[in-house]
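Just below is one structure, and these are the notes that go with it.
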Amino acid sequence: MTATRQGRLVGLDVARCLALLGMVATHVLDARTPDGELATAQWLAGGRASALFAVLAGVSLALMTRKPLRGRPQALRTLGILGRAVLVALLGLALGGLDSGIAVILTYYGVLFVLGIPFTFLRARTLVPLTVAWVVLAPVVSHVVRPYLPERGYENPTFAQLADPGQLASELLLTGYYPVLPWLAYLLAGLALGRLDLRDTRLLGALALGGLGTAVLATRISRALVDPAIASENETGMFGVTPADGDWSWLFVVAPHSATPFDLAQTIGSSVLVIAACLLLERLLPRAATAAVGVVLGAGAATLTLYSLHVVMRTPRVWPEEDASAYATHVAVLLTLGAALRIAGRRGPLEAVAGLPVRLAQRSGTKR
Numbered sequence: 006m007t008a009t010r011q012g013r014l015v016g017l018d019v020a021r022c023l024a025l026l027g028m029v030a031t032h033v034l035d036a037r038t039p040d041g042e043l044a045t046a047q048w049l050a051g052g053r054a055s056a057l058f059a060v061l062a063g064v065s066l067a068l069m070t071r072k073p074l075r076g077r078p079q080a081l082r083t084l085g086i087l088g089r090a091v092l093v094a095l096l097g098l099a100l101g102g103l104d105s106g107i108a109v110i111l112t113y114y115g116v117l118f119v120l121g122i123p124f125t126f127l128r129a130r131t132l133v134p135l136t137v138a139w140v141v142l143a144p145v146v147s148h149v150v151r152p153y154l155p156e157r158g159y160e161n162p163t164f165a166q167l168a169d170p171g172q173l174a175s176e177l178l179l180t181g182y183y184p185v186l187p188w189l190a191y192l193l194a195g196l197a198l199g200r201l202d203l204r205d206t207r208l209l210g211a212l213a214l215g216g217l218g219t220a221v222l223a224t225r226i227s228r229a230l231v232d233p234a235i236a237s238e239n240e241t242g243m244f245g246v247t248p249a250d251g252d253w254s255w256l257f258v259v260a261p262h263s264a265t266p267f268d269l270a271q272t273i274g275s276s277v278l279v280i281a282a283c284l285l286l287e288r289l290l291p292r293a294a295t296a297a298v299g300v301v302l303g304a305g306a307a308t309l310t311l312y313s314l315h316v317v318m319r320t321p322r323v324w325p326e327e328d329a330s331a332y333a334t335h336v337a338v339l340l341t342l343g344a345a346l347r348i349a350g351r352r353g354p355l356e357a358v359a360g361l362p363v364r365l366a367q368r369s370g371t372k373r
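Okay, structure coming up:
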């Protein structure tokens, strides 16, 4: 895979940037037009942007653990990843306490990394069927278990919820906006993807076609099985899971943020399509053009910092009341800062802090 002089994989940065901008679009833009039709931005990014973010987390985890280690170095690397996940989760709890109106993903993201660590020891040939099984079975387990769990009581995980760890665990794993148990399918898919030879242009083409086919097939099957009125009612998305009312037909829905088998299959397929297409673009562009894209979409190399900034920008004390130009302003700020960091050859500040445990583990692992 072509890399920049700093060693960054531009195709992955482009995909991360698209995920970031897609999530911003779902937060800022209206889900429906004035005529009541589904807005284009919602159709493109609703549910898909956050799923792409999670699949890319799996790819990153795969790249971080690609080098086989044993003994003390392996234990240190695992502790470094665990430390990084804890810092990200704590940041999510802090951002969750802000009046942003956003369902903050970072605490779920941190827990996802923790639960994904045992799967880093598996190869792609094991991860692929495991992902398929998880897509099918995890939503079923969720559907069976959730009626016995307390109802979700908070919009976001916050530090205040640490006083009730049972409720917090329930929301993070099964009842929250980004329920980690079914969402682990995204991380597994990303791990499998990251274990492949992503320098192989033919493989990337096959992955793009396979991702597109999976997304289209899942959508078509769901539409054939679900009442059109229900599909239309929920096309702007649900709130993380389907109703826990015992009705098994909910598992056929393909609505954004429903965490059903069809929703997971569709969004994994679209994520694989985007990632493969971005990596193909990197392979096909001349080096100079690749470097230019890496700067223009440099926000993809600092998504933790810039996503957090976006959440802060959505708070009333920081940003004035939203208007029609709000999305363009958010995009301009994020892309400008991302490009500036890229040109300066600097990490995002939150990336630097969150990556500290991993770097310390690497240094300790090289010492005898």
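Start counting the sequence shown at 6; every next residue gets the next number (the working numbering).
For glycine and all other residues, C-beta sits at the position ideal for the given N, C-alpha and C.
Just so you know, these numbers come straight off a predicted model, no measurement behind them.
Inset, instruction - Please state whether DSSP places residue 157 in a helix, a strand or coil. - result: Note: residue 157 maps to coil in three-state DSSP.
Inset, instruction - Measure from the alpha carbon of residue 173 to the alpha carbon of each residue in 140, 219, 98, 52, then state which is nearest. - result: For residue 173, the nearest C-alpha among the options comes from 98.
Legend entry - Touch test, the region 301-308 against the region 261-273, Cβ-Cβ under 8 Å, three pairs minimum: In the pairwise beta carbon analysis, the region 301-308 is classified as not touching the region 261-273: fewer than three pairs are separated by under 8 Å.
Legend entry - Limits of the unbroken alpha helix (DSSP H) element including residue 351: Where residue 351 is concerned, there is no enclosing alpha helix (DSSP H), given that its DSSP letter is neither H nor E.
Legend entry - Proximity winner among 147, 56, 201, 195, relative to residue 175 (alpha-carbon distances): Selected option, being the one with the closest Cα: 147.
Legend entry - Contact check, residue 195 vs residue 64, beta carbons under 8 Å: A Cβ-Cβ contact shorter than 8 Å links residue 195 with residue 64.
Inset, instruction - Go through the region 228-309 residue by residue and report every complete run of the beta strand (DSSP E) that reaches 3 residues or more, in order. - result: As far as the region 228-309 is concerned, it has no whole beta strand (DSSP E) run of at least 3 residues.
Inset, instruction - Could you name the residues of the same chain whose beta carbon sits closer than 6 Å to that of residue 53, not counting the 5 residues immediately before and after it, in chain order? - result: Cβ within range, chain order: 272, 275.
Legend entry - Short Cβ contact (8 Å threshold) for residue 184 with residue 264: Cβ atoms of residue 184 and residue 264: closer than 8 Å.
Legend entry - the region 292-303 touching the region 242-262, judged by at least three CB pairs closer than 8 Å: With the cut-off at 8 Å, the region 292-303 and the region 242-262 do not touch.
Inset, instruction - Measure the CB-CB distance between residue 359 and residue 92 and report whether it falls below 8 Å. - result: Residue 359 is a Cβ neighbour of residue 92, given a cutoff of 8 Å.
Inset, instruction - Pull up the distance between the alpha-carbon of residue 279 and that of residue 367, whole angstroms please. - result: Note on geometry: alpha-carbon atoms of residue 279 and residue 367 lie some 31 Å from one another.
Legend entry - C-beta contact flag for residue 101 and residue 162 at 8 Å: Result yes, Cβ atoms of residue 101 and residue 162 sit closer than 8 Å.
Legend entry - Three-way DSSP call (helix, strand, coil) for residue 178 in this model: In the displayed model, residue 178 falls within a helix according to three-state DSSP.
Legend entry - Any 3 or more C-beta pairs closer than 8 Å across the region 116-135 and the region 77-93: Contact between the region 116-135 and the region 77-93 is present, because at least three Cβ pairs lie under 8 Å.
Inset, instruction - Leaving aside the five residues before and after residue 166 along the sequence, list all residues of the same chain whose C-beta is less than 7 Å from its C-beta, in chain order. - result: Result list for residue 166: 159, 172, 173, in chain order.
Inset, instruction - Pick out the complete alpha helix (DSSP H) segments inside the region 78-141, 4 residues or longer, and give them in chain order. - result: Counting only runs of 4 or more, we get 111-121.
Inset, instruction - May I ask you to report which of helix, strand or coil DSSP gives residue 203? - result: Looking at residue 203 - three-state DSSP - the assignment turns out to be coil, as it is neither helix nor strand.
Inset, instruction - Taking 8 Å as the cut-off, decide whether the C-beta atoms of residue 139 and residue 189 are in contact. - result: Their beta carbons are under 8 Å apart, which means residue 139 touches residue 189 by this criterion.
Inset, instruction - Express the C-alpha separation of residue 26 and residue 46 in angstroms, rounding to a whole number. - result: So the alpha carbons of these two residues sit roughly 10 Å apart.
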